[in-house]
Structures are given as structure tokens and as C-alpha cells.
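In full-length UniProt numbering, the protein residues as written are 1 to 355. Read through the structure below, which is laid out as C-alpha cells, and then see the notes.
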Amino acid sequence: MYGQTEHCIDSKMALTRLACILVLLSTHCYFNVLAVILKTTNDAPWANEFESIELSCLIESISTKNPRIEWKKIKDGEPSYVYFEKKISGDLEGRAMIREPATLVITNATRSDSASYRCEVSAQTDLKSFDEILINLVVRVKPVVPKCAVPKSVPVGTAAELRCVEDQGFPKSQYQWFRNKEEIPDDPKTSPKFINSSYTLNAETGTLKFSAVRMNDSAEYFCRAKNDAGHSECGPQTMEIYDINIARIILGVLVVVLLCITVGLCFAYKRGYFASQKQTGNNYKAPAKGEGVDYVRAEDEVRKEKLQFFKLQKVQLGSPLTLAYLLFLFIPGRLPTQIFVCHLKRKTKGMEVKV
Numbered sequence: 001m002y003g004q005t006e007h008c009i010d011s012k013m014a015l016t017r018l019a020c021i022l023v024l025l026s027t028h029c030y031f032n033v034l035a036v037i038l039k040t041t042n043d044a045p046w047a048n049e050f051e052s053i054e055l056s057c058l059i060e061s062i063s064t065k066n067p068r069i070e071w072k073k074i075k076d077g078e079p080s081y082v083y084f085e086k087k088i089s090g091d092l093e094g095r096a097m098i099r100e101p102a103t104l105v106i107t108n109a110t111r112s113d114s115a116s117y118r119c120e121v122s123a124q125t126d127l128k129s130f131d132e133i134l135i136n137l138v139v140r141v142k143p144v145v146p147k148c149a150v151p152k153s154v155p156v157g158t159a160a161e162l163r164c165v166e167d168q169g170f171p172k173s174q175y176q177w178f179r180n181k182e183e184i185p186d187d188p189k190t191s192p193k194f195i196n197s198s199y200t201l202n203a204e205t206g207t208l209k210f211s212a213v214r215m216n217d218s219a220e221y222f223c224r225a226k227n228d229a230g231h232s233e234c235g236p237q238t239m240e241i242y243d244i245n246i247a248r249i250i251l252g253v254l255v256v257v258l259l260c261i262t263v264g265l266c267f268a269y270k271r272g273y274f275a276s277q278k279q280t281g282n283n284y285k286a287p288a289k290g291e292g293v294d295y296v297r298a299e300d301e302v303r304k305e306k307l308q309f310f311k312l313q314k315v316q317l318g319s320p321l322t323l324a325y326l327l328f329l330f331i332p333g334r335l336p337t338q339i340f341v342c343h344l345k346r347k348t349k350g351m352e353v354k355v
């Protein structure tokens, strides 16, 4: 009798527990049916520019037959409607649509569509009448052709900088440099072909800096800008490295200076700046013989023979005689030796002129 009573009590307790479980399950199901619950298949979608993209907003649970569905675009913290009262509006007007029940499809995505989008669903007859889900959209933009700056010629041993810039790509572009169609590594020590080069490459800014160029750095260079959407390149540009010849530069400077002096003397001679003062009867003195000056020469002999050298003594720098001497050397043409020697005779003393 006692055993039957105990068994009956256990059966009642088991039935009570089962009833409680059934009540909880039914209550949970009831609330699920009367609650708005949303989900998405991708909360961080991306698309290339001008492609289609789908922002999924799935209603997992709802009891209201015609819930209110809204989409808002949030950019820089400011929300704006893109779907309201069953119409596409705002930035997406004319290039988006709603796929039942609440998925937003953008048919022609642009870079300005990169933003956060919020799907909101309201159901008045549900116990939980509102739910929302946030989706972050990224529209990737292929880089445009970058602007490249390559110096045309650089002296060996000096610094040089190559620049590459592009500001239209999204996400931000990374940069690569190529020499004779071969990619330049970030570290020259990692490649045998570039181990003798001294440069730094910044993939973020697109600059390629040589601390001291060498002759083997002379080549064709071009830059490539790339991101997740694609890449673009600028045309190849040649950078020539040349050696500096100091002796040749000095010789060139001397030639230029000598040419300037010659031109100046010619101009001064034609202007008459070296003409002798007018001789008067009081100050004129006929040259005496035997003073080492032989000025009687036929003009035909002057044409036939070359003047070998002048030996000048006791002549100060800048004197008329020195200028006359330079003029005689640098001005081609017929210059009567007799007049020149007479001029020397009158203007100098103690000077020996040999012809």
C-alpha cells in the first residue's frame, strides 16, 4: 500500500513538470509569432563601382500582414531616407528597388553610395512591434591613371626623387614602381638586380627617392596605382644619368671668356678707343735707327709670312700696347705692320719687338 502511494506521487510530479515545460514552450512560440525579428545574410557587403549590390533584410518572424518598411542611409552621422512609404527616394532614386520582403537592391552603385544603411520594420499588431538591422556598404573604385613625375637627366652621385599620385581610387591606392618593366622591390637588398641601388620606396605616398644615383639607374620608369577594385599605370618615362667632367666644364668656361674678350676688343677697336693721339710738330719725334725695330716690310711679305711671336718687355697690364698686341693676335684680316710698329715705337720705350 505504501509503495503504490509513493509511485502515484512520482507520477503526479512528472506530469506537473511536463505541463510546465509545455506551457513555457507554448509561451515562447506565442511571443515569437507576435514579434518582429530581422536578420541579414551579409552585414558588410562590397561592390565595384557601377555594379549591382544587394543589401539583404530578411523578416524572420512577424504576424502583421503589411508591416511598415523603411531604409535609411547614414553618412557622416546624418540619416536620410532612401526608401519611405514604398518609394525609393534620395540618393538612390531611379537606380534601386525593393525585393520582397525588405531587401534593398542598388542596380548601379557609385562611390557616393559607400555608407551605413539601416533597415527598419514596424508591425503594430505584434507584441515586439519594431526591429532594425545595420548594414555597412563599401563601393570600391578603380584607380585612374596616376600622374608620374620622373626627372629627365640627373648627375651621377646626386639625389633624385620620382613621384606618383592618384586620388580617385577607393580604398586608397597603393603604389608600385617599375624599372625597364621589372618591379622595383621595397628593399633593394632583396633583389640581386637592385642590390647596388640606394633608394627608398614608399608604397603609401608613391615616392621613389634615390640618395645617390648611379649609372645603372639610367632606365625607363613607370608607376602603378592599385587597390581592391583594380589598377592603372602611367606611361614609361626615361631618366638618364650623366657623368660630370670638370675639365671639360673649365675648358668651356675659358673658351667663353676668351670669346667675350675678343668680341669686346673688336668692338673697342672699331669704335676707335685705341687710336693714338694727334701728333703735333712739337711732340713728334722721328724714330731713330738701330733701336731694335725693323718696321720696313713690304705688304706682300706680310701676306706670305706668318707672324711667329712678339717679345714684349716692360709692358704693364692694361696698357695700350698690351691691348694693341691682343688686338693684333685676335683680329683677322689685313693690318699694316708698318703702322702697328710705328705705334709701338711712339708709345713705348725700352721695349724690344722682333718680327
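All residues carry an ideal CB built from backbone N, CA and C; glycine is no exception. Computed from a predicted model, the values in this text were never measured in an experiment.
Once DSSP output is grouped into helix, strand and coil, what is the label at residue i?
i           : result
D131        : strand
S197        : coil
G264        : helix
V145        : coil
E100        : coil
V105        : strand
residue 357 : Outside the modelled stretch of the chain, which goes from 1 to 355, sits residue 357, for which no answer is possible.
V256        : helix
V302        : Note that V302 scores 46 on pLDDT, short of 50, meaning its location in the model is unreliable; the coordinates nonetheless yield the value given after this. The answer is helix: DSSP assigns V302 an H, G or I state.
K270        : helix
residue 431 : Shown here, the chain extends from 1 to 355; a query on residue 431 therefore has no answer.
S61         : strand
S153        : strand
R95         : coil
G292        : Annotation note: pLDDT 46 at G292 (below 50); position unreliable, no value reported.
Could you tell me how far apart the beta carbons of residue i and residue j are, in whole angstroms, since I believe they sit closer than 8 Å?
i    : j    : result
V141 : R111 : 5 Å
P143 : N227 : 6 Å
W208 : D186 : The amino acid at residue 208 is misidentified as Trp; the sequence shows Leu. Not a contact, Cβ separation roughly 10 Å.
V36  : I74  : In fact, because the Cβ distance is near 21 Å, the residues do not count as touching under 8 Å.
I250 : V156 : Contact doesn't hold; Cβ gap of about 18 Å is too wide.
F84  : E93  : Rounded, the Cβ-Cβ distance is 11 Å, inconsistent with contact.
V138 : S122 : Contact flag wrong, Cβ pair sits at about 28 Å.
Suppose contacts are defined by Cβ-Cβ distances below 8 Å. Is residue i in contact with residue j by that definition?
i    : j    : result
S52  : T103 : no
R214 : S197 : yes
E204 : F222 : no
N180 : A212 : no
I59  : P101 : yes
V154 : M239 : yes
T40  : Q124 : no
L38  : I135 : no
A109 : F50  : yes
K86  : S80  : no
F170 : I184 : no
P188 : Y199 : yes
Taking the beta strand (DSSP E) that residue i falls in, what are its first and last residues?
i           : result
A115        : A115 to S122
K189        : Unbroken run through K189: none, as it is neither H nor E.
residue 356 : Outside the displayed range of the chain (1 to 355) lies residue 356, so it cannot be described from this structure.
E161        : A160 to V165
A219        : A219 to N227
N48         : W46 to N48
S80         : E78 to F84
K73         : R68 to K75
K39         : I37 to K39
residue 360 : Residue 360 is absent from the structure shown; the chain starts at 1 and stops at 355.
F178        : Q174 to R179
E54         : I53 to L55
Does residue i get closer than 8 Å to chain B when you measure Cβ to Cβ?
i    : result
F210 : Here there is only one protein chain, and chain B is not present.
Could you tell me whether the stretch 133-148 touches the stretch 158-167, using the rule of 3 or more Cβ pairs below 8 Å? yes
Inspect the CB distances between the stretch 165-177 and the stretch 118-127 and report whether three or more fall short of 8 Å. no
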